[in-house]
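Worksheet for the structure shown next.
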Amino acid sequence: MMHVPVVSDVLLVGGGHSHVLLIRRWAMRPLPGVRLTLVSSSAQTPYSGMLPGLIAGHYDVDDIHVDLRKLCAWAGVRFIEQSITSVDLENRQVHFESGRVQGRLQGRLQGRLQGRPALGFDVLSLDTGSTPDLSIDGSREHVVPVKPVHGFHARWQDLQNRLNQPDAKSVSIGVVGSGAGGYEVVAAMRHVLPAQVASIHWFLRGELPLSGRPARVGELALAAAIRDGIQVHTGFDVVRVEAGKLNAADGRVVALDEILWCTAATGPAWPAAAGLSVDQRGFVSTNAYLQSVSHDFVFATGDIGTQLDTPSAKAGVYAVRQAPYLYENIRRFILGDAMKAFSPQKDFLSLMATGGKRAIASRGSLAIEADWIWRWKDHIDQTFMRKFRDLPPMNINANLQRLPDVLKHRYALSTATDATILPAMRCRGCGSKVGEQLLERVLHSIGASTLQAGTTTLSPAGDTAVLNLGGDHLVQSIDHINAIVDDPYLLGRIAVMHALSDVVTVDVRVHSAQLIVTVPTAVPAIVERDLTQLMAGVVEALSEENCLLAGGHSVEGDELSIGVVVNAVLNRQQDKMPEPSVQAGDVLILTQPLGIGTLFAGLMQQKTNGSTINAALGHMLNSNRSAAQICRTAGSHYMTDVTGFGLLGHLDRLLRGLQAGASVDAQQVPVLQGALTLAEQGVRSSLWPQNKQVLDTIVVDPELADSRLAILCDPQTGGGLLAAVPAAQAVNCIAALHAAGYDEAASIGQIDSTPTLSVH
Numbered sequence: 001m002m003h004v005p006v007v008s009d010v011l012l013v014g015g016g017h018s019h020v021l022l023i024r025r026w027a028m029r030p031l032p033g034v035r036l037t038l039v040s041s042s043a044q045t046p047y048s049g050m051l052p053g054l055i056a057g058h059y060d061v062d063d064i065h066v067d068l069r070k071l072c073a074w075a076g077v078r079f080i081e082q083s084i085t086s087v088d089l090e091n092r093q094v095h096f097e098s099g100r101v102q103g104r105l106q107g108r109l110q111g112r113l114q115g116r117p118a119l120g121f122d123v124l125s126l127d128t129g130s131t132p133d134l135s136i137d138g139s140r141e142h143v144v145p146v147k148p149v150h151g152f153h154a155r156w157q158d159l160q161n162r163l164n165q166p167d168a169k170s171v172s173i174g175v176v177g178s179g180a181g182g183y184e185v186v187a188a189m190r191h192v193l194p195a196q197v198a199s200i201h202w203f204l205r206g207e208l209p210l211s212g213r214p215a216r217v218g219e220l221a222l223a224a225a226i227r228d229g230i231q232v233h234t235g236f237d238v239v240r241v242e243a244g245k246l247n248a249a250d251g252r253v254v255a256l257d258e259i260l261w262c263t264a265a266t267g268p269a270w271p272a273a274a275g276l277s278v279d280q281r282g283f284v285s286t287n288a289y290l291q292s293v294s295h296d297f298v299f300a301t302g303d304i305g306t307q308l309d310t311p312s313a314k315a316g317v318y319a320v321r322q323a324p325y326l327y328e329n330i331r332r333f334i335l336g337d338a339m340k341a342f343s344p345q346k347d348f349l350s351l352m353a354t355g356g357k358r359a360i361a362s363r364g365s366l367a368i369e370a371d372w373i374w375r376w377k378d379h380i381d382q383t384f385m386r387k388f389r390d391l392p393p394m395n396i397n398a399n400l401q402r403l404p405d406v407l408k409h410r411y412a413l414s415t416a417t418d419a420t421i422l423p424a425m426r427c428r429g430c431g432s433k434v435g436e437q438l439l440e441r442v443l444h445s446i447g448a449s450t451l452q453a454g455t456t457t458l459s460p461a462g463d464t465a466v467l468n469l470g471g472d473h474l475v476q477s478i479d480h481i482n483a484i485v486d487d488p489y490l491l492g493r494i495a496v497m498h499a500l501s502d503v504v505t506v507d508v509r510v511h512s513a514q515l516i517v518t519v520p521t522a523v524p525a526i527v528e529r530d531l532t533q534l535m536a537g538v539v540e541a542l543s544e545e546n547c548l549l550a551g552g553h554s555v556e557g558d559e560l561s562i563g564v565v566v567n568a569v570l571n572r573q574q575d576k577m578p579e580p581s582v583q584a585g586d587v588l589i590l591t592q593p594l595g596i597g598t599l600f601a602g603l604m605q606q607k608t609n610g611s612t613i614n615a616a617l618g619h620m621l622n623s624n625r626s627a628a629q630i631c632r633t634a635g636s637h638y639m640t641d642v643t644g645f646g647l648l649g650h651l652d653r654l655l656r657g658l659q660a661g662a663s664v665d666a667q668q669v670p671v672l673q674g675a676l677t678l679a680e681q682g683v684r685s686s687l688w689p690q691n692k693q694v695l696d697t698i699v700v701d702p703e704l705a706d707s708r709l710a711i712l713c714d715p716q717t718g719g720g721l722l723a724a725v726p727a728a729q730a731v732n733c734i735a736a737l738h739a740a741g742y743d744e745a746a747s748i749g750q751i752d753s754t755p756t757l758s759v760h
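Using UniProt numbering, read the sequence shown as starting at 1 and increasing by one per residue.
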């Protein structure tokens, strides 16, 4: 059976509680022909109910975060990690923030993302949370908002590190915000920071906190704060913030070293700017079906949405309860069925942590504090998080279901005479090409035509490139990869960097490239969206490498893939390909760490987290051109890229035909974070069984751990380079690589006089 074609795109913006629960439901019961894509500014999203426990030290970072990349990989949902800046409702597109991919955790090498084009959608759902209200004079410059969590947590860790220094001085910390969030934050900090280390201040606008709750709840929270040694400033209406200073309306001034902001939030600016109907605080106005009242193809849940007829507090409990309604209503909207109304309850059980392992439970006028309530709260929170940690096995044939009849008719796919999409009716051969006008629109939209100039010309038909090489020698290489990532833009960049690695190992000038692209079968609008994203990544990467795009070919198939032919010319000082040469004692230098294949295999098995994949992507998006030049300058006359055959496979091929061998110190080989742990668990790439056959021809230390040996045979997509460098230049070469941003470049062995490859 062939894959169901994609006929509609649902775009989820934001990794809030509603969306992560929706994704889990969608994975269990997808709508055939409808593609789900999640766009989030981060690969991890916090569960807000556990943030106080993180501050208090009861949990670590991973405990309170849902791994969006891992969740989406499990669910078959596309994931794009980037912030959006605006929404174009007329053309149904979102626009992205320019910047850098969230790559290596510490590295300087990160792929540029300045050219990512707008992403189209048919249905849009927003669950981005809220934005801190920084309208008070000076607050934008001088406070630390508690949300977004990643920014606050980084500042909190920095503060803790400073306070842990032997010569640390006591600090005063203020928390502004009288709601439940403000109380939980101030209580958690008081619990973890001794009084001699920090004085904790809580600023309330009124006389009691939690003004929206019954007085009994506020009285309990206030009493607990005073009991725990928190200095409470009641009736403190902040009117101005200065550096290290809070100013109240009644003239009071309090000096502070740190000011944390946990006040009522507002909506971001872009929904109103897009033309969506919003309430007075900037939140998207929705109806009972969670649809925008102004644009029915837009949904909004969690803090970002406000139901006009039944407004409720901005609390995570509502986002959780909206999730099944959002799931059903998006499906029903697409299918044209009647939708389900969501009616938020007027009151709900509230559980507030009091710093230590105690909590206050309240509902209505009833409120009680006890340690067993914290255990109850912890059980509820952990149960929620287990939904995303312990993901069940998925049906791999989920995308082979039947396209609903209503979608066939809507997209005119119901008759053999209009067989523009049904898989059983798709033509083969040239009949499977992507349409000419669609291709023209894509190339025009990304400005690809401007790159076809100079010494490269296209035939009038646009399908043949004439390369004027000026008598130089052509160096040509070809590579092809399928979608190792489900973000077409990143795939385009990775494919270019991966293909260029084959030629930069020779002293060449990169000239031009040609492509062959397979796009998944879909309606023309979807194909155009995918090609636009993919080609934008390709063109941007080629431009950075001073490489012309000289045409290509496209075809439809079951999955996205891309092949790149790279044309280069030998530098003019050479009249032939230089003869490889190595000397005994030459040092083997690896420019980037290994483990890419293992990490992505682990992702398919729900064993890899998003942060380690991000670290791998940071390397995969890097160009090897500078590394190759540094190694050549150091005297290397022999290098290879480390890609599909793994380190040992490529080294073995490099040594063939030479009267020399090599020894590799496996302990010195840099490995990506998390890859060795996965290898110890038996995780292997599907190509690994073939790659490991090289072990039959080399000498392996029997004491070497199987996991480390597995990494040496791990296939790399977008891997680094392996160069043989004269021993006298090795230290300088590695220093130059580090200075250029190849932070993990390392010496891993040497060339030997005996023609044997050994690993120890």
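Each residue gets a CB set at the ideal place from its N, CA and C atoms; glycine is no exception.
Roughly how many whole angstroms lie between the Cα atoms of residue i and residue j?
i	j	result
Arg375	Arg358	8 angstroms
Gln231	Ile200	6 angstroms
Ala627	Asn161	36 angstroms
Ile330	Tyr47	24 angstroms
Ser42	Leu71	13 angstroms
His619	Gly718	7 angstroms
Trp270	Ala724	53 angstroms
Gln667	Val504	28 angstroms
Leu678	Gly181	38 angstroms
Ala154	Arg410	49 angstroms
Thr456	Leu548	Confidence is the limiting factor: at Thr456 the pLDDT is only 48, short of 50, which leaves the residue's position unreliable and the question unanswerable from this model.
Val241	Val66	34 angstroms
Leu349	Ala215	16 angstroms
Ala483	Arg441	23 angstroms
Cys138	Val146	It should be noted that the sequence gives Gly, not Cys, for residue 138. Using only the alpha carbons, I get a separation of about 16 angstroms.
Asp405	Ala323	26 angstroms
Ile380	Gly76	27 angstroms
Ala499	Thr301	43 angstroms
Arg205	His295	37 angstroms
Ala634	Ala525	51 angstroms
Ser18	Met189	29 angstroms
Taking DSSP as the reference, what is the three-state secondary structure of residue i?
i	result
Ile748	strand
Met339	coil
Glu545	coil
Ser8	strand
His295	coil
Pro52	helix
Pro689	helix
Ile80	strand
Val699	strand
Which same chain residues, not among the five before or five after residue i, have their C-beta less than 6 angstroms away from its C-beta?
i	result
Gln307	Thr286
Glu184	Pro52, Met352 and Ala353
Gln476	Asn567
Leaving out five residues before and five after residue i in sequence, what residues of the same chain have Cβ atoms less than 7 angstroms from its Cβ?
i	result
Ile630	Cys733, Ala736, Leu737 and Ala740
Ile516	Gly552, His553 and Gly563
Val197	Leu163 and Ser170
Leu159	Glu258
residue 834	Any answer about residue 834 is impossible in this case: the structure gives the chain only from 1 up to 760.
Ala636	One detail in the question is off: residue 636 reads as Ser in this sequence, not Ala. So the list reads Ala723, Ala724 and Val725, once near-sequence residues are dropped.
Gly49	Gly316 and Asp381
Whose C-beta lies closer than 8 angstroms to the C-beta of residue i among residues of the same chain, with five residues either side of it excluded?
i	result
Leu676	Gly595, Ser707, Arg708 and Ile711
Mind listing, in chain order, the continuous beta strand (DSSP E) runs of no fewer than 3 residues lying wholly within the region 467-522? As far as the region 467-522 is concerned, its whole beta strand (DSSP E) runs of at least 3 residues are 474-482 and 508-520.
Inter-stretch contact (C-beta, 8 angstroms, three-pair minimum) for the region 667-685 and the region 709-717: As far as the Cβ criterion goes, the region 667-685 touches the region 709-717, which means the pair count is three or higher.
When you compare the region 690-703 with the region 605-618, are there three or more beta-carbon pairs, one atom per stretch, that lie closer than 8 angstroms? Cβ pair count under 8 angstroms is below three, so no.
Residue ranges of each beta strand (DSSP E) within the region 308-333, 3 or longer: Correct list: empty.
Using 8 angstroms as the threshold, is the region 535-543 in touch with the region 486-500, meaning 3 or more CB pairs across them? Counting Cβ pairs under 8 angstroms, three or more are found: they touch.
Give, in chain order, every unbroken run of the beta strand (DSSP E) that is at least 3 residues long and sits entirely within the region 251-292. Counting only runs of 3 or more, we get 253-255, 258-261 and 284-286.
Please give me, in chain order, every unbroken run of the alpha helix (DSSP H) with length at least 4 that falls completely inside the region 630-680. Taken in chain order, the complete alpha helix (DSSP H) segments of 4 residues or longer contained in the region 630-680 are 646-655 and 675-680.
Count the CB pairs spanning the region 517-532 and the region 636-654 that are closer than 8 angstroms, and state whether there are at least three. A contact between stretches requires three or more CB pairs, one per stretch, nearer than 8 angstroms, and the region 517-532 fails this requirement with the region 636-654.
Inside the region 357-411 only - alpha helix (DSSP H) runs reaching at least 4 residues: The DSSP assignment places 371-389 and 405-410 as complete runs of the alpha helix (DSSP H) inside the region 357-411, in order along the chain (cut-off: 4 residues).
Three or more beta-carbon pairs under 8 angstroms between the region 7-26 and the region 120-128, yes or no? Proximity of the region 7-26 to the region 120-128 meets the contact definition, three or more beta-carbon pairs being nearer than 8 angstroms.
Entirely within the region 200-242 and at least 3 residues each: give me those beta strand (DSSP E) ranges in chain order. Listed in chain order, the complete beta strand (DSSP E) runs (minimum 3 residues) inside the region 200-242 are 231-233 and 238-242.
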